[in-house]
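In what follows, a structure is listed as structure tokens, so that the remarks can point back to it.
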Amino acid sequence: MATTMTAFLVLATLWASTLTTAQRVLMADIWKPTLAPNGTIAGSNATLSKRQFSSILTPKSDRSLYWINVTIGTPGQQQALQVDTGSNGLLVPATGSSLCSSSLIPCDVLGSFTSSQSSTYSTTSQSTTEGFVDGASVTGDWFYDTVHISGQAITSQLAVLGTTGSGITEGVLGIGFPASYPTINHNLAAQGIIASNSYSLWLDDLSASSGTILFGGLNLAKFVPPLLKVPVLGSPNADGTTSYNQPTVALTRVATLQGTTHTVQTPAGYSVPALLDTGTPVTILPLALANAIMSALGASYPSGSTSGNAIIPCAAASNAQSINFHFAGLLGPIINVPISQLVLADLGNLGGVEWCQFGIYGAAASENLPTVLGDSFLRSAYVVYDLDTLHIGLAQTVVDSGSPVVVEIPAGGIPVGIVTP
């Protein structure tokens, strides 16, 4: 109790300081599209597929993936881009390309880019093929232009003008770790618009139509303290160096809760790298762990399947059940995900039971998929991506919160007093 009270006193002091301190923070809304029962968006004939998720079910409405409105070029051409923390590039479909001519990309709804109509467009005369975790890829040409987010200009942003692709169905704003080129968030910091290469993510709950992303800052009103910091996991190279390519952290324990019953579903010493990825609508777990959770919560695979996408009776959303995800050992953060946040799209009635899509995907070993904590997890967490210091801040989210209390994240990382090391 004393620790909790101290945390609130510290936060109260920080709240007061934000009222008088000029801050370099950029806030933007992110939103979820609504699909009609036939899979179309706002009357468009184009279907909106879900990247990084190969579905064998057909949702009646979309409650997954998050989008951000930007403009590109001068004058600005409006684009709706998928916000993807698991990739690191800006991709827009070229107007009139085969991407737009296919039914997979609704360019008439989400936007496309016509380079000849922008006075600030600059070509590199270089082509590229960019790949994604799920095997999707797109081919196009590198170019530079001005991007506006929430009215703020980011100049000379490198992007890919996509012309052909496989398994890719939309423009993407990748805000993960920079590869050999700077991301939007990197340029925001480099151009002095924000103080550090960082951002925080608040998706609100499943019923909400939008959330927010804060580039260079965090919102004290959006989480329950403490905010705990964990290191990003890197990949070792042959020369002894370490590469940091994605926001991956150590998932060290998973437990299901039903009333007062707490059941640990992972063995002692468990630790797997887990990617915090807005580009994945569900949570992908190793098959044995997914099966244990499904058994505890009453989910199952559709008839004929023993892995992959799962279903659950829609009525389960009102059950007093949840999952605790533990990170970085016994003293690390714990995020509680209520079952209400895992009962997704209504799939219809079968045998007198209304079935819904379940927010956990059981990955068979043969699929060679990483553990991914997607949107079905992220809605319950407030996540700070501090890419400069290679740390992730995690705390339990506050849904339907009130007025924002925004704090800048300086170059040295999340301010002391807000984060617990």
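With mature numbering (1 follows the signal peptide of the UniProt record, and there is no 0) applied, the sequence shown covers -22 to -1, 1 to 399.
All C-beta atoms in this analysis are idealised placements derived from N, C-alpha and C, irrespective of residue type, glycine included.
- Apart from the 5 residues on each side of it in sequence, residue 165 sits with its Cβ closer than 7 Å to the Cβ of 132 and 135 in its chain, given in chain order.
- Per DSSP, residue 295 is not a residue of any beta strand (DSSP E), being assigned neither H nor E.
- Nearest to residue 169 by alpha-carbon distance, out of 260, 333, 125 and 181, is 125.
- Here residue 69 is buried, its C-beta having at least 16 other C-beta atoms within 10 Å.
- Taken through DSSP and simplified to helix, strand or coil, residue 215 comes out as coil.
- In its chain, beyond the 5 residues on either side, 189, 190, 197, 200, 360 and 375 have a beta carbon closer than 7 Å to the beta carbon of residue 180.
- If you compare the alpha carbons of 363, 390 and 1 with that of residue 223, the shortest gap goes to 363.
- Take the alpha-carbon of residue 231 and the one of residue 110: they are about 27 Å apart.
- Contact between residue 73 and residue 90 holds, since their C-beta atoms are separated by about 4 Å, short of 8 Å.
- Straight-line measurement puts the Cα of residue 105 at about 16 Å from the Cα of residue 76.
- Within the same chain, and ignoring the five residues on either side of residue 152 in sequence, the residues whose Cβ sits closer than 7 Å to its Cβ are 62, 65, 66, 67, 68 and 161.
- Boundaries of the beta strand (DSSP E) around residue 137: 130 to 144.
- If one requires a minimum length of 3 residues, the beta strand (DSSP E) runs lying completely within the segment 78 to 112 are 100 to 109, in chain order.
- Between the alpha carbons of residue 334 and residue 259 lies a gap of roughly 14 Å.
- Burial state of residue 214 is exposed, judged by a 10 Å Cβ sphere holding fewer than 16 other Cβ atoms.
- Assignment of beta-bridge partners to residue 207 by DSSP yields 371.
- About 6 Å separates the Cβ atoms of residue 243 and residue 267, confirming a contact at the 8 Å cut-off.
- If you draw a straight line from the Cα of residue 159 to the Cα of residue 130, it comes to about 21 Å.
- Bounds of the beta strand (DSSP E) holding residue 314 are 312 to 316.
- Residue 331 counts as exposed, since fewer than 16 other beta carbons sit within 10 angstroms of its beta carbon.
- When the five nearest sequence neighbours on each side are left out, the beta carbons in the same chain lying within less than 7 Å of the beta carbon of residue 382 are those of 197 and 199, in order along the chain.
- Residues 71, 85 and 90 of the same chain have their beta carbon placed closer than 6 Å to that of residue 78, with the five preceding and five following residues left out of the count.
- When the five nearest sequence neighbours on each side are left out, the beta carbons in the same chain lying within less than 8 Å of the beta carbon of residue 278 are those of 272, 288, 289 and 290, in order along the chain.
- Within a 10 Å sphere around the beta-carbon of residue 346 sit fewer than 16 other beta-carbons, which makes this residue exposed.
- About 6 Å separates the CB atoms of residue 349 and residue 263; that is less than 8 Å, so the two are in contact.
- The C-beta distance from residue 4 to residue 185 rounds to 27 Å, too long to fall under 8 Å, and the pair is not in contact.
- According to the DSSP assignment, residue 274 belongs to the alpha helix (DSSP H) that extends over 265 to 275.
- For residue 386, the beta-bridge partners assigned by DSSP are 195.
- Note: residue 240 is bridge-paired with 235 in the DSSP secondary-structure output.
- Distance from the CA of residue 357 to the CA of residue 221, rounded to the nearest whole angstrom, comes to 28 Å.
- In this structure, DSSP gives residue 182 a state outside helix and strand, which the three-state scheme calls coil.
- Bridge pairing for residue 121: 101 and 137 [DSSP].
- Checking the DSSP bridge columns, you'll see residue 166 has no partner listed.
- In the structure shown, the three-state DSSP call for residue 224 is coil.
- Here residue 278 carries a strand assignment [DSSP, helix/strand/coil].
- Residue 319 carries a helical assignment under DSSP once its states are collapsed to helix, strand and coil.
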